[in-house]
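> Have a look at this one before I ask anything.
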Amino acid sequence: MSRRSTALAQAAGEATDAPVLPAAPALHLGDRCRWPRDSRRETAMCQAAGEPNPVRWHAAVTNPGCEVMVRDAMARRGVDTVLPMLRFWRVQNRKRIVAERPLMARVVLFGLDPSTQNVAGIYGLERIVRGASDRWAVLDQGEVQDLRLRILRGEFDATLRVSHPYIEVPPLIRHLVAIGALPYSATCTHSAAKRLGLKFKEVA
């Protein structure tokens, strides 16, 4: 079983003889994927039975700043969602706090079974991305799952180095710092921040 198929099997709650992937500490980010257990179980059962998966993945465009609100509203309806978040340190009044912002502004990915679910009337939802046929554009499910695995591996999280300083800064975070989209302090460990004279603020 490949690394990718093993990780997907474990995410679906299936038993495998391989160690849990991905390894800690990135597993602490698992709850950030918002992958409902019922959705995982249904998908896994369809695949095991050789049945076509009724869930199709689409991209929703939200009003500015409404990504999290739309994601949570979809989750309350049982709709599976993926909203990658950049997680980094921010300095505010000489104190460091953990900040998050969506990786893709105004975009929420969601998996929908149109026979049992809908996203009509969700506040903050502007439109659904359409394809050439003017129907909702369908995303590749494998690419969506790969994105989930990247979230689990902590590729968008610059704060893991505080407790695990040996972890390299993720390439995307490093690029954002290089172009000035994030400050250098966004990736500092606590010891490096102390050398800069920064104080700390406890966060959830």
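For what it's worth, our numbering labels the leading residue of the sequence shown as 90, then goes sequentially. We treat Cβ as the ideally placed atom computed from N, Cα and C, and that holds for glycine. A quick note: this is a predicted structure, and the numbers were derived from the prediction, not measured.
#1: For a test of the three-state rule: what should DSSP assign to residue 200, helix, strand or coil?
#2: Do the CB positions of residue 183 and residue 288 come within less than 8 Å of each other?
#3: Name the one or two DSSP bridge partners that residue 245 has.
#4: Run through the DSSP bridge pairs and tell me what residue 181 is partnered with.
#5: Below 8 Å, how does it come out for the region 184-204 and the region 141-156: are there three or more Cβ pairs, yes or no?
#6: Helix, strand or coil for residue 217, going by three-state DSSP, please let me know.
#7: Beta strand (DSSP E) containing residue 227: first to last residue?
#8: I'd like to check one pair, residue 176 with residue 245: are the Cβ atoms closer than 8 Å?
#9: So which of 203, 210, 181, 216 has the shortest CA-CA distance to residue 162?
#10: In angstroms with no decimal places, state the Cα-to-Cα distance between residue 256 and residue 239.
So, from the listed chains and residues:
#1: It is a strand residue.
#2: Taking C-beta atoms as the reference points, residue 183 and residue 288 count as a pair closer than 8 Å.
#3: According to DSSP, which records beta bridges pairwise, residue 245 is partnered with nothing at all.
#4: Residue pairing from DSSP places residue 181 in a beta bridge opposite 184.
#5: Yes, since at least three Cβ pairs between the region 184-204 and the region 141-156 fall closer than 8 Å, the two stretches touch.
#6: Under the three-state reduction of DSSP, residue 217 is assigned to strand.
#7: That residue, residue 227, is in no beta strand (DSSP E); it is neither H nor E in DSSP.
#8: Taking 8 Å as the cut-off, the Cβ atoms of residue 245 and residue 176 count as close.
#9: The shortest Cα separation from residue 162 among 203, 210, 181, 216 belongs to 210.
#10: Cα to Cα, residue 256 sits roughly 15 Å from residue 239.
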